[in-house]
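Step one of this worksheet: look at the structure below.
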Amino acid sequence: MDVLSGSIDVRDLLPSGELDESSPLSAPDLRLLVDRLQIRSLRIKDKVRSYVLAHRAEFADLFSRCSLAAASADDLTRSLSGALRLLSDRPLDLEIQDLVSEIRAKRRELEERREALEVVRAVSALHRRLASAREDLRAMRLVAAAEAVRDLKKGLSVADVEEGGSVENEPAVFGFLRKEWAECLDELQEVLAKNVLNCFHFEPENNRLIVRSVSKVEDVHYIKLHQMLEAMEIVGVLDYGLARVADLLIKRVIITSITNKSINVLVEVHDEGSLASCETILGMVPSSELQEDLDGTCLYSRLSQIVKFIYKFICFENAIWMQCFGRLTWPRMADLIITHFLSKAVPDDASKIAGFQNVIKRTADFETFLKEMKLISSTDRNEEKLSYFAHDVEVHFASRKRNEILASARNYLLQFNYDLPPANMSSVSLQASDGGENCVSVVGLLFQSDKCLVSKAVFHLMDLVHRALKDACLSPTRVAKEFYHAARDALLLYRAVIPIKLGKKLESISQVAIIIHNECQYLSQENLGLAFEYRADFPSGLQKHAVFVDIALSFHQMAENILQKQVQLVVSSLREAIDGADGFQNTHQPQHYESAKFGLEQGGEMRGLEGLEQL
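Dropping the structure here:
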């Protein structure tokens, strides 16, 4: 059957293999093509006939199978038609549908009854649990009552309702149960708070706090303090229960121990064997000696004893209870310590800053102790209120001193009057505009043998700088840096103020310009010596950063600029005077006389300036 596969190429049937596809076939070619196609067709038919005859058995079997398949399809059609006739005669599908619907309804009803039964069981269990909690409360089994109240809170979904939510398709009985639960909780809170407070008694006449280990109820029940605190923790009302106790300790114990320096804290434990007689006493005994407490050692010692007493005899070394007590007492305790001790210990002089470091250390040690006692958090830095205040005091002191130094420097420079009297240019005093006397000083240059005349303003300015750097040598690093920058800023203030204040005089020939030149030279050489004079005494954190040579160079350049400007002005003025004198000829004429006189006066002024510069 290979002859049936493939395709016939017409070009193979033509006499010539070359066929121009763009030109039509001629009539002879077409007749030849038809003849050859007929011959080819006959060959194919012969081959097909030969193939069928050769495979006659296979084709016969194939046709037999096809006949059987057709017969089976007819039988199936007749059977299906019979089944459909039976179904149409009897509506079995409708009966099945009704039966299924009935089964579904029965199952739904059964499920609803089962759910209702579960609700009844749950309500019954909650009611029994609530009754049991009330019974435990009446019998003063407070821990058991607290556990029941806690479990009922979850069972009644109280948290969801308190958050403003609601439970869908909830029976109304749950609302009544929640109301009873709230009443039970209020009653439990009242009993706990009342009996906890009964364990604490303060005696003003003896100035002591008595803590009893049990609370007696109606001469029948004895409730242990630690059991009441445990019950409070279970129901989540520990803050509420300890609030009044914390307030009592703040008002009666802590305030007294902070404000009164002449007391000692004593702890007494009385245990006579019976539960009712077990009590501890925190007493504040007057001291015969007034203790000098500069660094807070005595104060923090008293407070540490009180905190230990709270940790051991009130919170029973329970970290959670101690943290709760700390939240109630620490903010007020910290404010009291800051008000009555730290704020009064703030130094008013740089020489006392080093002594204040002891206060900072004692304060940090005290807060570390509070962390160990769990009164404050060991991870929350915001609770380190005392340390923050102590460190801020140091910074605020330094900032205040820096502002004072700059204010003084500014006043020296602005209030000094540089107006010189017209006569006696070599005088060592300057006449002020208000009738007073602003003096100048003759000072020696640090790296030269010469002396020069400077104003008292610059003399006081350098004295202010020296005092600031001496204070830096006596201060800790942070404060020393503030004094160092204050000294630099005071010197730089001179460069900012003087050129603006005396700008017009510096642009003309004047004795003031000579004094400013001398001052710049003096300040330049003084700055070169500051680092050598003080660097060794600076704190280690400042020694490598203290630099004054940059300021020295700027003052030296400023002096050179002023000198060059004055030289230019003098040369220009002398040339003008000489040109105006016209060779000192015809001085008998008024005009020439005035010109010659002006030239001589200019020369005299230049000579006077020379003498002042030499000073």
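Position one of the sequence shown corresponds to residue 1138 (this note's numbering), numbered consecutively onward. All C-beta atoms, glycine included, are put in the ideal place defined by N, C-alpha and C.
Contact check for K1511 and M1470: beta-carbon distance about 15 Å, past the 8 Å limit, so the pair fails to qualify.
Taking all protein chains in view, the Cβ of E1521 is crowded by 16 or more other Cβ atoms within 10 Å, so the residue is classified as buried. With a contact defined as Cβ atoms closer than 8 Å, L1630 and I1688 miss out at about 11 Å. Bounds of the alpha helix (DSSP H) holding N1548 are K1522 to Q1552. As the crow flies, the alpha-carbon of L1362 is around 9 Å from that of F1453.
Contact annotation: the stretch 1691–1711 touches the stretch 1656–1663, with at least three C-beta pairs closer than 8 Å.
In its chain, beyond the 5 residues on either side, I1497, T1500, A1501 and E1504 have a beta carbon closer than 8 Å to the beta carbon of S1524. Residue range E1416 to P1423 is occupied by the beta strand (DSSP E) that includes I1418. Counting only runs of 3 or more residues that sit fully inside the stretch 1199–1245, no beta strand (DSSP E) segment turns up.
Contact annotation: N1519 and M1421 have beta-carbon atoms that are not nearer than 7 Å. In the structure shown, F1337 falls within a strand segment according to DSSP collapsed to helix, strand and coil.
In the DSSP assignment, H1407 falls within the beta strand (DSSP E) that extends over I1400 to H1407.
Rounded to the nearest whole angstrom, the CA to CA distance from D1626 to L1543 is 7 Å. Taking a contact to require three or more Cβ pairs closer than 8 Å, the stretch 1266–1284 and the stretch 1234–1241 do not qualify as touching. Sequence-distant Cβ neighbours of F1685 in its own chain, meaning closer than 6 Å and more than five residues away, are N1664, L1667 and A1668.
Residue environment: S1677 is assigned as exposed (fewer than 16 neighbouring CB atoms within 10 Å of its CB, all protein chains considered). Contact between A1623 and F1675 does not hold, since the beta-carbon distance rounds to 14 Å and is not under 8 Å. By the Cβ neighbour-count rule, I1637 is exposed, with fewer than 16 other Cβ atoms within 10 Å of its own. Check the Cα spacing between Y1671 and each of S1661, I1387 and A1683: the tightest is with A1683. Taking C-alpha positions only, F1462 is separated from H1533 by approximately 32 Å. In this chain, the beta strand (DSSP E) harbouring S1352 covers V1351 to V1354.
Within the same chain, F1506, L1507, M1510 and L1512 come within 8 Å of V1444 by CB-CB distance, once the 5 residues on both sides are set aside. With 16 or more neighbouring CB atoms inside 10 Å of its own CB, G1378 falls in the buried class. The C-alpha of T1614 is placed about 6 Å away from the C-alpha of L1679. The three-state reading of DSSP puts I1651 in helix, counting H, G and I together.
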